[in-house]
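>
Number of protein chains: 2
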Amino acid sequence: MRGQELLTFVVYDIADDRVRFRIAEVCKDYGLDHIQYSVFSGPLDATRRSELFARLSDTLGRAEGRIIVLQLCEKDARAKREIVQIARSE
Amino acid sequence: MRGQELLTFVVYDIADDRVRFRIAEVCKDYGLDHIQYSVFSGPLDATRRSELFARLSDTLGRAEGRIIVLQLCEKDARAKREIVQIARSE
Chain A
1 MRGQELLTFV
11 VYDIADDRVR
21 FRIAEVCKDY
31 GLDHIQYSVF
41 SGPLDATRRS
51 ELFARLSDTL
61 GRAEGRIIVL
71 QLCEKDARAK
81 REIVQIARSE
Chain B
101 MRGQELLTFV
111 VYDIADDRVR
121 FRIAEVCKDY
131 GLDHIQYSVF
141 SGPLDATRRS
151 ELFARLSDTL
161 GRAEGRIIVL
171 QLCEKDARAK
181 REIVQIARSE
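One line per chain: the protein sequences are A and B, in this order.
Under the numbering used here, the first residue of the first sequence carries the number 1, and numbering increases by one thereafter.
Under the numbering used here, the first residue of the second sequence carries the number 101, and numbering increases by one thereafter.
Dropping the structure here:
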């Protein structure tokens, strides 16, 4: 049974290319979208979010890095504000 | 008068060094802490958060980039999970 899904953000800062790639793969395994260079987001329930955090922790292992996992309640998700500006092709 | 302050995250992805530097300076002006390479966070009330968003938008101007501003209610702030692993000095 699925619990209530909340918009979840994973934001990381990892210097090692191989480790960073593996962290991104874990996020994709959980159905999250790649919305910035080192940011994934998507809906997850509390159980999946905890599993994801454990997987991220295992995947980082002893490598240097910072990973934050955030959940946003419906109100906070509605309050999210975003600027997306793509380069014009010249 | 100050409204209720909520933990606020600014997460950005900006290729141009000069623009990225200016975005970081705006975040510092609002008292936010630099917690990852392209992430700032700290408490702001709704008025200051809106002002900050407008400043970020003006500062980005027509440059290419992505900026997300998130607010976390107290419950979401408590649920934040983080891994911080600093390199051992050899």
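Note that CB positions come from ideal geometry on N, CA and C, so glycine has one too.
Between the Cα of V10 (chain A) and the Cα atoms of A:Q85, A:D45, A:L32, which residue gives the shortest distance?
In the first sequence, the residue the question calls residue 10 (chain A) occupies position 10. The option with the nearest alpha carbon to V10 (chain A) is A:L32.
> Give the interface partners of R118 (chain B) over in chain A, defined as CB-CB distance under 8 Å, in chain order.
Mapped onto the second sequence, residue 118 (chain B) falls at position 18. Simply none; closest approach about 16 Å.
> Does DSSP classify S138 (chain B) as helix, strand or coil?
On the second sequence, position 38 is the one that residue 138 (chain B) refers to. Looking at S138 (chain B) - three-state DSSP - the assignment turns out to be coil, as it is neither helix nor strand.
> Are there 16 or more other CB atoms within 10 angstroms of the CB of D116 (chain B), so buried, or fewer, so exposed?
As a working mapping, residue 116 (chain B) is identified with position 16 in the second sequence. Its Cβ having fewer than 16 others within 10 Å, D116 (chain B) is exposed.
> Indicate the three-state DSSP secondary structure (helix, strand or coil) for L72 (chain A) in the structure shown.
Here residue 72 (chain A) refers to the residue found at position 72 when the first sequence is read from its first residue. Strand, per DSSP.
> Quick one: does A124 (chain B) have its CB under 8 Å from some CB of chain A?
On the second sequence, position 24 is the one that residue 124 (chain B) refers to. For A124 (chain B), the answer is no, since every Cβ of chain A falls outside 8 Å of its Cβ.
> For K75 (chain A), return the contacting residues in chain E, with the cut-off set at a CB-CB distance below 8 Å.
The chain inventory of the structure shown lacks chain E, comprising the protein chains A and B.
> Which residues in the same chain have their Cβ closer than 8 Å to the Cβ of V84 (chain A), if we skip the five residues on either side of it in sequence?
Against the first sequence, residue 84 (chain A) aligns to sequence position 84. Answer for V84 (chain A): no residue qualifies.
> What residues from the stretch 133-144 of chain B come within 7 Å of chain A, judged by C-beta to C-beta, listed N to C?
Listed by position along the chain: Q136, Y137, V139.
> Can you give me the C-alpha to C-alpha distance between G161 (chain B) and C127 (chain B), rounded to a whole angstrom?
Walking along the second sequence from the start, residue 161 (chain B) turns up at place 61. Walking along the second sequence from the start, residue 127 (chain B) turns up at place 27. So the alpha carbons of these two residues sit roughly 16 Å apart.
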